[in-house]
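Asks: Numbering (the working numbering), first residue to last: -17 to 220. Just so it is clear, CB atoms sit at the ideal spot from N, CA and C, and this is done for glycine as well. This one's a predicted model, so the numbers in the text were calculated from it and none came from an experiment.
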């Protein structure tokens, strides 16, 4: 696959080009230092993947990103920048990933693995049923499939999103993320907990006519008194 690197700093372009070419599926790279030069490269080479800095000399990488949204077949766009304040804006112009400088080979290759997987035709792969949930991490935004989420909980305005092997942390409210979760999968069992009903392993009687749910990843989730009746009906206990 061919990669275009757009950055106004020659050393940054050289470093990123080196790291990208260490990936076995990347065959070539090209470099550009401005929006105009990047557009010329894309017309000439048609890159599969573009790494784009935000602050270019007298320009913004968002100008190029906006142009890409109008292309019939746009390249896979990854923002690679020293600024962490533009992540949400980046995803609004169809960016697929957001990496921060200084670059780490591991993270560059993880981003490339993700890009190559999406760009490679998967004839037998089923389309995801639900839209991915964006989760703000320390240095990037993760897109997590709802069906992979086991539990969402909140503690002092910190949201904890559990998957089988990992827990993500971000600021926010339970009500806000609840609006993004498909109701076919998720049940609210407490003012601080929402669980994936397909991940329930066991339901146990608990204190004062409440219930406790054990999920497949071992998490224990309370069902408070105000939610017990609705919960029992939704999981077929009534």
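1) Would you check if the distance between the CB atom of residue 151 and the CB atom of residue 140 is smaller than 9 angstroms?
2) Taking the C-alpha atoms as reference points, what is the distance between residue 102 and residue 130?
3) When the Cα atoms are used, what is the spatial distance from residue 24 to residue 43?
4) Between which two residues does the alpha helix (DSSP H) holding residue 212 run?
5) Please confirm whether residue 97 and residue 182 have their CB atoms less than 9 angstroms apart.
6) Measuring CB to CB, does residue 115 end up less than 9 angstroms from residue 143?
7) May I ask you to report which of helix, strand or coil DSSP gives residue 202?
8) Would DSSP call residue 45 helix, strand or coil?
9) With DSSP collapsed to three states, give me the class of residue 75.
10) Locate the alpha helix (DSSP H) running through residue 93, then write down its first and last residues.
11) Buried or exposed, going by whether 16 or more other CB atoms sit within 10 Å of the CB of residue 157?
12) So, is residue 178 buried or exposed, given that buried needs 16 or more other C-beta atoms within 10 angstroms?
13) In this structure, what does DSSP give as the bridge partners for residue 178?
14) If you reduce the DSSP assignment to three classes, tell me which class residue 116 lands in.
15) What residue range is occupied by the uninterrupted alpha helix (DSSP H) comprising residue -6?
Replies: Let me lay it out:
1) yes
2) 22 angstroms
3) 15 angstroms
4) 207 to 216
5) no
6) yes
7) strand
8) helix
9) coil
10) 87 to 101
11) exposed
12) buried
13) 168
14) strand
15) -8 to 3
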